[in-house]
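Novice:
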Amino acid sequence: MIEAVGLTKRYGAKTAVYNLSFQVRPGAVTGFLGPNGSGKSTTMRMILGLDNPTAGQVTIGGHPYRRLPNAPRQVGALLDAKAVHGGRHARNHLLSLAQLSGIPARRVDEVLGVVGLQEVAKKRSKGFSLGMGQRLGIAAALLGDPQVLLFDEPINGLDPEGILWVRNLMKALAAEGRTVFVSSHLMSEMAVTADHLIVIGRGQLLADMNIRDFISANSADFARVRTPDSEPQQREKLTSALTEAGGQVLPEQDGALRVMGLPLPRISDLAHDADVRLWELSPHQASLEEAYMRMTQGAVDYRSTSDQRAGLQQELPPGAMPPVQVPVPGQGQPGWYAPPPPQQGGQPFAMPQGQPAGPYGAPAAPGGPGEPNPYAQAAPAPHAAPDMTKPEDAR
Amino acid sequence: MSTPQPSMQQQMQQQAAPNWQAAPGPSYTSPIPIVRTHLGHALASEWTKIKSVRSTMWTLGVFLFLMIGLGLLFALITASTDTSMEGESPLVLGVFGPMLGIVCLITLGVLTTASEYGTGMIRTTLTACPSRGRVLMAKAIVFFALAFTVTLVATALVGFAQVAILEGNGAGDPTGEEWLRVTVGVSLYVALFGLLSLLIGSLIRHSAGAITIMIGLFLAPLVIAMFMFAEPLKDVQQFLLEYSIPSQLSVFYGAELSSSGPSGWGPLWIMLGMTAVTFAGAYFLLEKRDV
Chain A
0 MIEAVGLTKR YGAKTAVYNL SFQVRPGAVT GFLGPNGSGK STTMRMILGL
50 DNPTAGQVTI GGHPYRRLPN APRQVGALLD AKAVHGGRHA RNHLLSLAQL
100 SGIPARRVDE VLGVVGLQEV AKKRSKGFSL GMGQRLGIAA ALLGDPQVLL
150 FDEPINGLDP EGILWVRNLM KALAAEGRTV FVSSHLMSEM AVTADHLIVI
200 GRGQLLADMN IRDFISANSA DFARVRTPDS EPQQREKLTS ALTEAGGQVL
250 PEQDGALRVM GLPLPRISDL AHDADVRLWE LSPHQASLEE AYMRMTQGAV
300 DYRSTSDQRA GLQQELPPGA MPPVQVPVPG QGQPGWYAPP PPQQGGQPFA
350 MPQGQPAGPY GAPAAPGGPG EPNPYAQAAP APHAAPDMTK PEDAR
Chain B
0 MSTPQPSMQQ QMQQQAAPNW QAAPGPSYTS PIPIVRTHLG HALASEWTKI
50 KSVRSTMWTL GVFLFLMIGL GLLFALITAS TDTSMEGESP LVLGVFGPML
100 GIVCLITLGV LTTASEYGTG MIRTTLTACP SRGRVLMAKA IVFFALAFTV
150 TLVATALVGF AQVAILEGNG AGDPTGEEWL RVTVGVSLYV ALFGLLSLLI
200 GSLIRHSAGA ITIMIGLFLA PLVIAMFMFA EPLKDVQQFL LEYSIPSQLS
250 VFYGAELSSS GPSGWGPLWI MLGMTAVTFA GAYFLLEKRD V
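Residue numbers (numbering that gives the first Met the number 0), protein chains in the order written: chain A, 0 to 394; chain B, 0 to 290.
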C-alpha cells in the first residue's frame with residue numbers, strides 16, 4: 000500500500016505538488032490521472048524517494064522508500080522507458096539491476112521472456128523502439144516480483160498486442176493482491192484497466208474514487224433519440240412529451256435528441272403514446288474521457304489553440320481588411336462534454352457528497368492555516384466559464 | 000514483504016475509509032525469500048555495468064596503447080642513438096605514457112558517473128538501490144580497482160621492456176624503491192586522479208562539463224605558469240610549476256622540475272587528500288539532491 004500525507008513539492012517559486020494525500024490499496028489497479036504538468040511524475044518520483052518532498056511524506060507499506068530493506072523486491076517501477084544506458088545490452092541492463100538486489104541471473108532471462116524480448120536480449124538498447132523500451136522498463140519493474148508496482152505511462156508506444164498484454168498484466172498483478180499504481184493519458188485504456196482513480200490537477204487532489212463513481216459523479220448517462228428527419232413536427236411533439244414527463248431534452252448537432260432523466264422503456268412508451276415513430280433509441284453511457292475532461296477543464300496548464308498562421312502572413316498595408324478566418328471544426332474549440340447529473344447541479348467536480356474527511360483526508364496545509372492555498376483561485380468551475388460551452392448546453 | 004507486514008495490516012484496520020467499496024484484499028507476498036542487500040551486491044552490479052559499455056573498452060584500449068606505445072617508442076629511440084645513460088635509471092623514460100594516458104582515465108572516470116545522469120539511468124539505479132552512498136562507493140571501488148590494475152600491468156610491462164632495451168646503453172639497474180614508485184606509485188596516483196574525475200562527474204552530473212574541468216585541472220596550471228614572466232608573480236609561477244599534475248607525476252620517475260616541490264611519495268598524499276575531500280562532498284550531495 001502506498002500512502003501519501005500532505006505531500007508538497009516546490010521547485011523554487013513553482014509549486015509542483017501541493018498538500019496531496021491519498022492511499023493506493025493492494026488488490027486493485029489504481030489509475031493516476033491529470034493534465035500535463037499536473038505533478039504526476041513528480042509524485043511518482045517522491046514515492047520512489049528520488050525527490051525529497053518539501054513537506055509531508057509518502058510511505059510504502061508504512062516505510063519511506065529509502066528505508067525499505069530491499070526496495071526492488073518490494074516495489075517495482077517503470078518511470079521512464081528511456082532511462083537506460085543506450086550502449087548496454089538489454090540483458091546486461093537487467094542483470095546489473097538484478098545484482099543490486101541479490102536477484103539471481105536466471106530471473107533476468109525469465110522476465111525477458113515475460114516481456115517478449117529474448118530475441119533482442121543481446122542487442123544494445125539504443126536501437127530499441129519506444130515500445131521495446133517500454134517492455135524493457137516493465138521487465139525491470141517485474142524483476143523483483145514486488146508487491147507494489149508503479150508504472151508511469153506504460154502503454155506509450157506499444158503496439159495493440161502490447162497494449163492488450165499490459166492491460167491483462169496489470170489486472171493479473173492486482174488480482175494476485177499486489178498494489179498497482181499506473182498513470183496514463185489514454186482514457187479509453189484507463190477505463191478498461193483501472194478499478195480506482197486518483198485525479199490531480201495543478202498538483203492538487205481533484206478526485207480519489209472508484210471509477211464508476213467517478214464517471215457518474217462527473218457526467219450523466221443519457222439516451223439518444225432520433226425521429227424521422229423528414230418530419231420535424233414529430234420531433235417537436237416528442238420533445239414536449241418527454242419534457243412533460245420530467246425528462247431533460249437537448250438537441251444534438253445531427254438533429255437527434257439527447258434525453259436525460261428518463262429510462263429507455265419510458266421514452267419508447269411516451270413516443271408510442273404521442274404517436275411518434277423513432278429511427279433510433281440508444282443508451283449512451285458517458286465515457287471516462289468525458290468525465291475526465293469535465294473535471295480537469297479548469298486545471299489544464301498547457302492548452303492548445305488554433306493555428307492562425309499570422310506569423311507567416313505579410314503585414315497588411317494600412318486600411319486593408321484582413322481576410323476572414325473560416326473556423327475549422329475541432330480547432331481551438333473546447334469539446335462538448337456530457338453535462339453533470341441533475342442532482343449535482345452546481346458541482347461539476349466534487350467528491351461524493353456527505354463524505355467525511357477520512358483519516359487521510361485533508362490534513363492541515365503544510366505551513367499552517369494562515370498560508371493561502373496557491374491554487375485557491377486557479378481552477379474555475381466549468382460552468383462559471385460560459386465561453387467554454389456551446390449555446391445549447393446553457394441551462 | 001517480510002518486515003513491514005504487521006504495520007501495514009494495522010494501518011488497514013485503522014483506516015476503513017468510507018469511500019472504498021472493495022474491502023482490502025490479502026496483499027501479495029513473493030514466494031522467493033528476500034535477502035538483505037549490502038555493498039557486495041552493488042559491487043557486482045557496477046562491475047557488470049562498467050564492463051558492458053563500449054566506452055570502457057575504448058578508453059582503456061587507448062590508454063594501454065599510449066602507455067605501452069610511448070614507453071617502448073622512447074626506449075627504442077634512445078637505444079638507437081648510442082647515447083650512454085651513464086648509470087641512470089632507464090625507467091625515467093616511462094614518464095610520457097601516463098602523462099598522455101591520464102586523459103583516457105579522466106574520460107572513463109567521468110563517464111562512469113555522469114553518463115548515468117545523461118541517459119537517465121541514474122533514476123533506475125537509485126530506484127533499484129535507494130542507499131545512494133552505497134552506489135557511489137561501489138562505483139568508486141570498481142573504477143579504482145580497474146584503473147589501478149590496468150595501469151599496474153602497463154607500467155610493469157613498459158618498465159621491464161625499457162630495462163631490457165637499454166641494457167646495452169649503460170643504463171643502471173633500477174633499485175627496488177624505484178621499481179615500486181614507477182609501478183605501484185604511478186598506478187595509485189593515476190587511478191586516484193581518475194577517481195577524482197569520477198567524483199567530479201557525480202558532482203557536476205554532466206559529462207562534457209566534468210571532462211572539461213578535469214582536463215583544465217590537469218593542464219591549466221602548467222600552461223599558465225609557462226607564461227608567467229612577471230617578477231612579482233615568481234612565487235606563484237614556482238608553485239604552479241611544482242604542484243601541477245604533470246610535475247607531480249614526474250616526481251615518481253625522479254624527474255622533478257626543482258628540489259623545492261613535492262618529492263618522494265608526496266604527490267600521492269596530495270592526490271589522496273584531494274580525492275577524499277571530493278568524495279565526502281560528492282557523497283553528501285548525492286544523498287541530499289533530487290535526481
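For glycine and all other residues, C-beta sits at the position ideal for the given N, C-alpha and C.
Would you give the residue range spanned by the beta strand (DSSP E) that residue 288 of chain A belongs to?
Specialist: Residue 288 of chain A -> not in any beta strand (DSSP E); alpha helix (DSSP H) instead, spanning 287 to 295.
Novice: In three-state DSSP terms, what is residue 2 of chain A?
Specialist: If DSSP states are grouped into helix, strand and coil, residue 2 of chain A belongs with the strands.
Novice: Please confirm whether residue 144 of chain B has its beta-carbon closer than 8 Å to some beta-carbon of chain A.
Specialist: So, not an interface residue.
Novice: Cα-Cα, which of A:291, A:257, A:69 is closest to residue 34 of chain A?
Specialist: Ranking A:291, A:257, A:69 by Cα distance to residue 34 of chain A puts A:291 first.
Novice: Residues of chain A with CB closer than 7 Å to the CB of residue 138 of chain B, please, in chain order.
Specialist: Within chain A, no residue comes near residue 138 of chain B; the closest Cβ sits about 12 Å away, beyond 7 Å.
Novice: Can you pull the chain A residues whose beta carbon is under 8 Å from the beta carbon of residue 40 of chain B, in chain order?
Specialist: Neighbours of residue 40 of chain B on chain A, chain order: 98, 99, 100, 101.
Novice: Give me the chain B residues within the contact set of residue 236 of chain A, using Cβ-Cβ distance strictly less than 7 Å, ordered along the chain.
Specialist: The premise fails here: residue 236 of chain A is roughly 43 Å from chain B at the closest Cβ pair, so nothing lies under 7 Å.
Novice: Indicate the three-state DSSP secondary structure (helix, strand or coil) for residue 227 of chain B in the structure shown.
Specialist: Correct three-state label for residue 227 of chain B: coil.
Novice: Grab me the residues of residue 289 of chain B's own chain with a C-beta within less than 6 Å of its C-beta, minus the 5 sequence neighbours each way, in chain order.
Specialist: Closer than 6 Å at the Cβ level, and outside the excluded window around residue 289 of chain B, lies no residue.
Novice: Measuring only between beta-carbons, confirm whether residue 191 of chain A sits less than 8 Å from chain B.
Specialist: For residue 191 of chain A, the answer is no, since every Cβ of chain B falls outside 8 Å of its Cβ.
Novice: Using the beta-carbon of each residue, which ones in chain B are nearer than 7 Å to residue 64 of chain A?
Specialist: Result: 129.
Novice: Can you name the residues of chain A whose CB is closer than 7 Å to the CB of residue 43 of chain B?
Specialist: In chain order: 98.
Novice: Looking only at its own chain, which residues have a Cβ that is under 6 Å from the Cβ of residue 19 of chain A, when we skip the five neighbours before and after it?
Specialist: Correct list, in chain order: 3, 6, 204.
Novice: Since residue 149 of chain A sits in a beta bridge, which residues does DSSP pair it with?
Specialist: Answer is A:76, A:180, bridged to residue 149 of chain A.
Novice: Here's the rule I'm using: 16 or more other beta-carbon atoms within 10 Å means buried, otherwise exposed. How should residue 126 of chain A be labelled?
Specialist: Looking at its Cβ environment, which holds fewer than 16 other Cβ atoms inside 10 Å, residue 126 of chain A is exposed.
Novice: Do residue 179 of chain A and residue 142 of chain A come within 8 Å of each other at the CB atom, strictly closer than that value?
Specialist: Taking 8 Å as the Cβ cut-off, residue 142 of chain A and residue 179 of chain A do not qualify as a contacting pair.
Novice: Please compile the residues from chain A whose C-beta is within a distance smaller than 7 Å of the C-beta of residue 125 of chain B.
Specialist: Ordered by position in chain A, the residues that pass the 7 Å Cβ test against residue 125 of chain B are 49.
Novice: Does residue 139 of chain A have its Cβ less than 8 Å from a Cβ in chain B?
Specialist: So, interface residue.
Novice: Between the region 124 to 144 of chain B and the region 245 to 258 of chain B, are three or more C-beta pairs nearer than 8 Å?
Specialist: Contact between the region 124 to 144 of chain B and the region 245 to 258 of chain B is absent, because fewer than three Cβ pairs lie under 8 Å.
Novice: Compare the C-beta of residue 304 of chain B against all C-beta atoms of chain A and say whether one is closer than 8 Å.
Specialist: Residue 304 of chain B is absent from the model: chain B starts at 0 and stops at 290.
Novice: Using a Cβ-Cβ cut-off of 6 Å (strictly less than) and excluding sequence neighbours within five positions of residue 57 of chain A, which residues of its own chain qualify?
Specialist: Once the five neighbours on either side are set aside, the close Cβ partners of residue 57 of chain A are 3, 6, 45, 46.
Novice: Quick check on residue 66 of chain B - is its C-beta less than 8 Å from some C-beta in chain A?
Specialist: Answer no: the Cβ-Cβ gap between residue 66 of chain B and chain A never drops below 8 Å.
Novice: Once you ignore the five residues that flank residue 83 of chain B on each side, which residues in its own chain have a CB closer than 8 Å to its CB?
Specialist: Result list for residue 83 of chain B: 168, 169, in chain order.
Novice: Please identify, using Cβ separations under 7 Å, the residues of the region 77 to 93 of chain A that lie next to chain B, in order along the chain.
Specialist: Those would be 78, 79, 81, 82, 83, 84, 85, 86, 87, 88, 91, in chain order.
Novice: Going by Cα to Cα distance, which pick from B:47, B:229, B:120 is closest to residue 85 of chain A?
Specialist: It is B:120 whose Cα lies nearest to the Cα of residue 85 of chain A.
Novice: From this set, B:190, B:65, B:206, which residue's C-alpha is nearest residue 114 of chain B's C-alpha?
Specialist: If we check each option's Cα against that of residue 114 of chain B, B:206 comes out closest.
Novice: From the DSSP output, in three-state form, read off residue 250 of chain A for me.
Specialist: Residue state, collapsed to three classes: strand.
Novice: Here's the rule I'm using: 16 or more other beta-carbon atoms within 10 Å means buried, otherwise exposed. How should residue 150 of chain A be labelled?
Specialist: With 16 or more other Cβ atoms within 10 Å, it is buried.
Novice: Over what stretch of residues does the alpha helix (DSSP H) that includes residue 231 of chain A continue unbroken?
Specialist: First-last of the alpha helix (DSSP H) with residue 231 of chain A: 231 to 243.
Novice: Check whether the Cβ atoms of residue 94 of chain A and residue 107 of chain A lie closer than 8 Å to each other.
Specialist: Result yes, Cβ atoms of residue 94 of chain A and residue 107 of chain A sit closer than 8 Å.
Novice: Taking C-beta to C-beta, are residue 229 of chain B and residue 161 of chain B nearer than 8 Å?
Specialist: It is not a contact, given that the beta carbons lie outside the stated cut-off.
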